[in-house]
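If you count the sequence shown from 1, position 177 lands on 176 in numbering that gives the first Met the number 0, and the numbers rise without skipping.
Glycine included, every Cβ here is placed at the ideal spot set by N, Cα and C.
Comments concern the structure below.
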Amino acid sequence: MELRLYDTLSREKRTFVPLDPNNVRMYVCGPTVYDFAHIGNARPVIVFDVLFRLLRHLYGEAHVKYVRNITDVDDKINDRAARDFPGLPLNEAIRKVTEHTGKQFHADVDALGALRPSVEPRATEHIGEMREIIERLVAGGFAYVAEDHVLFSPQAMNAANSALPRYGALSKRSLDEMIAGARVDVAPYKRDATDFVLWKPSKPGEPSWPSPSGIKAEGRPGWHIECSAMAWKHLGEHFDIHGGGIDLVFPHHENEVAQTCCAFHRERMANYWMHNGFLQVESEKMSKSLGNFITIHELLRDWPGEVLRFQMLMSNYRQPIDWMAAKSREIEDELAAWASILVGTDAEQDGYSRAARKEPPRPSQEIVEALLDDLNTAEAIAALRSSYRSARAGGSLEKKQFLMNCEFLGLLRHNKLWAHLPGVFTRNTGHVPVPHEAARKLRISIANNLPELRQEALADLSAVGLGAEEASDGNVTIVTKTEEAKERGKFIEEQIAERNLARARKDFAESDRIRNELATMGIILKDGKDAEGNPTTTWEIAR
């Protein structure tokens, strides 16, 4: 089978034919590092990570170059820096913001199982390339200088008697309609309402660089020119795939096409344009005003990163997706079942051996065929579930293949399988029951590499006389620290058993008395049901 990808420009699936099979090139718009990335930002990270993995499988790791930028110069960054560090010079405050949020972005996407791109350029490192493109556009008559600004003229682009694409082709917008619908309050230095900024003067204290020739005042780049410059620097004037969220089609990607094609007299910037759909939270649009704005970092305190990744892969990447906590709970249970048949087996050891040899996982043909059809991850998940059933019923070979399938999709890691098993920490605790939430926190902190959550979990364990011991392979066992802890734990379990009997005979007054007595000890009970629907009670330390 051949790889077929949906191209936003042509609005159809097209067979993927790289410009050079020995140098397959992909650019994806990355984060603007003014705040922690939200769950919607996770979707393009995961979607294009799957494509990156597939391309490397098809063409070889050495022959695929994936560039995802970091925007570190932007009005939002300036505003955040001034708000968070009012006592610092703006440039120093900006550096603190971008370093902190950039570091958090990398930690988040690592926990989501995403491979690092081949290159991750920063906008501030490519000011020279931006100036060069701008000067080419001015010299070609596609841009002009006005009041220390440089502006691009879509009308000049569409009036050019050449093989250039038409402005609006990617987003299927008519320039005439855009002009007619433009706001009345157009900046006075613009010739036309649709002109957009390539370069603008910096305000006092803002980051600034020498401007393109013809402008004495220092300034800074507009948003769109940044990606044109970074893509050109690392992938050339014309490359294979450009990706991002559907919200970037216009104006960002439309303007990228205009800048690059006019600067280098190209008919195309990228041969394939791919865009992922929007994300909702519990069937509502995510927004701060609705109180459902969730960062990746916040979710990673509650769920292993593979759970979030799994939920993203269950839907077609081009369709809207609805993130739901209930679905994440189901996925967490499913991943636990998967990990349980792999821990301590030859498959787990094979994973360590492959990692030592730096050998990528070899997915089954069913997984690959699903992804060849425009990244049909839903079908790939169906094939993965079939592989699980074979592994559960089969032997070493089936289990090894199942783990490789999981690792290829970024859904389980051979060195952290045990972190998905709810009971893995209770082996050496004697008669001391382990607080359910503390154990879960500890597992998630290790799975997602969250030191602050780990400290919270250890504090909860310490409160009941428990501790954690870490083996050389990273595996952690909860152990009893004191005899007092054993007695306390035994008392808690006896009280829960008494309460369960009271609930069974509908003596709710006694049930409430026991709950309240434990609460005075700092023990919070949580009632629920197990997988078979039987009532269960777990406990945790009040915080």
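Identified DSSP bridge partners for residue i
i, result
"Val248", "In DSSP, Val248 forms no bridge with anything."
"Gly218", "Pro200, Trp208"
"Asn275", "Gly244"
"Leu416", "The partner list for Leu416 (beta bridge, DSSP) is empty, contrary to what the question assumes."
"His264", "The partner list for His264 (beta bridge, DSSP) is empty, contrary to what the question assumes."
"Ala456", "None, per the DSSP bridge assignment."
"Lys64", "Arg24"
"Phe195", "Phe151"
"Glu539", "Ile523"
"His233", "Per DSSP, none; premise fails for His233."
Coil, strand or helix - residue i by DSSP
i, result
"Leu524", "strand"
"Gly318", "Reading off the sequence shown, one finds Gln at residue 318, where the question assumed Gly. In the structure shown, Gln318 sits in coil (DSSP, three-state: anything other than H, G, I, E or B)."
"Gly59", "coil"
"Gly409", "coil"
"Phe238", "strand"
"Glu468", "strand"
"Lys284", "strand"
"Trp302", "coil"
"Lys440", "helix"
"Arg24", "strand"
"Thr428", "Only weak support exists for where Thr428 lies, its pLDDT of 49 falling under 50; the value from the coordinates is given anyway. The answer is coil: DSSP assigns Thr428 none of H, G, I, E or B."
"Asn499", "helix"
"Pro43", "helix"
"Ile293", "coil"
"Asn270", "strand"
"Pro534", "strand"
"Asp372", "strand"
"Thr70", "strand"
"Arg172", "coil"
"Val433", "coil"
"Met0", "coil"
"Glu119", "coil"
"Glu493", "helix"
"Asp19", "coil"
Neighbourhood of residue i by C-beta distance below 8 Å, restricted to the same chain and skipping five residues each side
i, result
"Trp66", "What sits at residue 66 in the sequence shown is Val, not Trp. Closer than 8 Å at Cβ, skipping near neighbours: Arg24, Met25, Tyr26, Val27, Pro116, Ser117, Val118, Glu119, Pro120, Met229, Ala230, His233, Leu234."
"Phe51", "Met25, Val63, Tyr65, Leu114, Pro116"
"Gly213", "Val137, Val144"
"Glu128", "Ala228, Met229, Trp231, Lys232"
"Leu411", "Glu305, Leu334, Trp337, Ala338, Leu341, Leu402, Cys405, His419"
"Leu18", "Arg24, His237, Phe238, Asp239, Asn270"
"Ser285", "Per the sequence shown, the amino acid found at residue 285 is Met instead of Ser. Contacts found: His37, Ile38, Gly39, Leu278, Gln279, Asn291, Phe292, Ile293."
6 Å Cβ shell around residue i - same chain, five flanking residues per side excluded
i, result
"Phe238", "Arg24, Ala269"
"Glu253", "Leu169, Ser170"
"Phe249", "Ser170"
"Asp71", "Val32, Thr97, Arg121, Ala122, Thr123"
"Thr376", "Leu312"
"Arg300", "Leu452"
Continuous alpha helix (DSSP H) stretch holding residue i: start and end
i, result
"Gly350", "345-355"
"Lys326", "324-339"
"Asp6", "It is not in any alpha helix (DSSP H) - Asp6 instead sits in the beta strand (DSSP E) that spans 3-6."
"Val463", "Unbroken run through Val463: none, as it is neither H nor E."
"Tyr387", "376-392"
"His99", "89-110"
"Phe507", "507-519"
"Val137", "126-138"
Closest Cα partner of residue i within the set the options
i, options, result
"Ala381", "His419, Met313, Ala335, Thr344", "Met313"
"Glu283", "Met323, His252, Val96", "Met323"
"Gln318", "Val433, Arg79, Val46", "Val46"
"His62", "Leu53, Glu436, Gln258", "Leu53"
"Leu278", "Asp34, Gly393, Asn315", "Asn315"
"Ser161", "Leu247, Ala462, Cys260", "Cys260"
"Asn90", "Ala336, Trp208, Val49, Ile320", "Trp208"
"Ser461", "Glu333, Asp83, Val478", "Val478"
"Leu371", "Gly243, Thr14, Arg10", "Thr14"
"His435", "Arg94, Lys525, Asp107, Gln103", "Lys525"
"Lys215", "Ser227, Val149, Thr537", "Val149"
"Lys357", "Asp349, Ser363, Ser210", "Asp349"
"His37", "Ile443, Leu298, Arg412, Glu378", "Leu298"
"Ser201", "Asp175, Leu163, Glu146, His223", "Glu146"
"Pro421", "Ser385, Ala392, Thr476", "Thr476"
"Glu305", "Ala106, His419, Ile245", "His419"
"Glu60", "Ile69, Leu197, Gly112, Pro360", "Pro360"
Continuous beta strand (DSSP E) stretch holding residue i: start and end
i, result
"Lys12", "11-14"
"Thr476", "475-479"
"Ala142", "142-145"
Distance cut-off 8 Å: residue i Cβ against heavy atoms of the ligand SAM
i, result
"Val16", "Annotation note on the ligand SAM: not contained in the displayed structure, which lists no ligands."
Cβ neighbours of residue i in the same chain (closer than 7 Å, five flanking residues each side left out)
i, result
"Ser152", "Phe141, Ala142, Tyr143, Arg190, Asp191, Asp194"
"Lys75", "Thr31, Tyr33"
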